[in-house]
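Engineer: Heads up: the sequence shown begins at -11 in my numbering, then just goes up one per residue. Note that beta-carbon positions come from the ideal geometry of N, C-alpha and C, so glycine has one too. A quick note: this is a predicted structure, and the numbers were derived from the prediction, not measured. Quick one: this structure, given as structure tokens, is what I'll be asking you about.
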Amino acid sequence: MKRFKNKGPKIKDTTKIRLGGLFKTIFLTAILCMAIPVFIVSFTTINSVRDELAETSDTNLTQIATEKDNQISAMIEDQIEIAQTLANTPFIVESVSEKVSANNTDIDYDICDYLKTIADSRDGLYENLFVTAGTMFIADSHDGETAHDVSEETSYQTCIANGGYVGKELSPTSGLPVLIIDMPI
-11 MKRFKNKGPK IKDTTKIRLG GLFKTIFLTA ILCMAIPVFI VSFTTINSVR DELAETSDTN
49 LTQIATEKDN QISAMIEDQI EIAQTLANTP FIVESVSEKV SANNTDIDYD ICDYLKTIAD
109 SRDGLYENLF VTAGTMFIAD SHDGETAHDV SEETSYQTCI ANGGYVGKEL SPTSGLPVLI
169 IDMPI
């Protein structure tokens, strides 16, 4: 028995849509007409936002830096007033006067305790507080551990010449940079 192939009329597959010709051209043109403006607007928006953010952040950082500088300056002014007040405290003035007039070079532990109380109350703001009479060491906030001759220090020489000194130097105690405030008694 022979089998025959179906040689009847071919049926077209209608489920397949042919994309070509005029439809394809109109569709691509519409997509490009929408996509190109979107890309241009996106690029322009991103650049303008980036520039605005950079300008705003520069302005804000400048304002913050200025405010912090003002705060630091105010804090330093406050510390200068505290140093002047400390230098004029009757307890310190009287104790120093007695030690100088008696030519007593011993460390005054009462003043040490007083300075230590002040330093401890400031939560580490002060590395050291000390009192000298001329080049004679009287007391410090470390029970006399930092006693040294101050005659060669710039801060001492300037304090004697100008009636006070405020400046940045390396600490003779720790070797770290510190702000030194010297006030005469």
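#1: Between which two residues does the beta strand (DSSP E) harbouring T146 extend?
#2: With three or more C-beta pairs closer than 8 angstroms as the rule, is the region 121 to 131 touching the region 87 to 102?
#3: What did DSSP end up calling K9 once you bin it into helix, strand or coil?
#4: Going by beta-carbon coordinates alone, are V81 and I169 separated by less than 7 angstroms?
#5: With DSSP collapsed to three states, give me the class of I68.
#6: Kindly indicate which residue of G151, T32, A121 has the alpha-carbon position closest to the one of I95.
#7: If you compare alpha carbons, which of M124, T13, A71 is closest to S89?
Structural biologist: On the basis of the supplied data:
#1: Counting from 1 along the sequence shown, the entry for residue 146 is found at position 158. T146 -> not in any beta strand (DSSP E); alpha helix (DSSP H) instead, spanning 142 to 150.
#2: yes
#3: Position 21 of the sequence shown, counted from the start, is the residue given in the question as residue 9. A small correction: the amino acid at residue 9 is Gly; Lys does not occupy that position in the sequence shown. Helix, per DSSP.
#4: Taking the first residue of the sequence shown as 1, we reach residue 81 at position 93. Taking the first residue of the sequence shown as 1, we reach residue 169 at position 181. No.
#5: On the sequence shown, residue 68 is found 80 positions in, with the first residue counted as 1. In this structure, DSSP gives I68 a helical state, which the three-state scheme calls helix.
#6: The count along the sequence shown starts at 1 and reaches residue 95 at position 107. Out of G151, T32, A121, A121 has the C-alpha closest to the C-alpha of I95.
#7: Here residue 89 refers to the residue found at position 101 of the sequence shown. Of the candidates M124, T13, A71, the one whose C-alpha sits nearest the C-alpha of S89 is M124.
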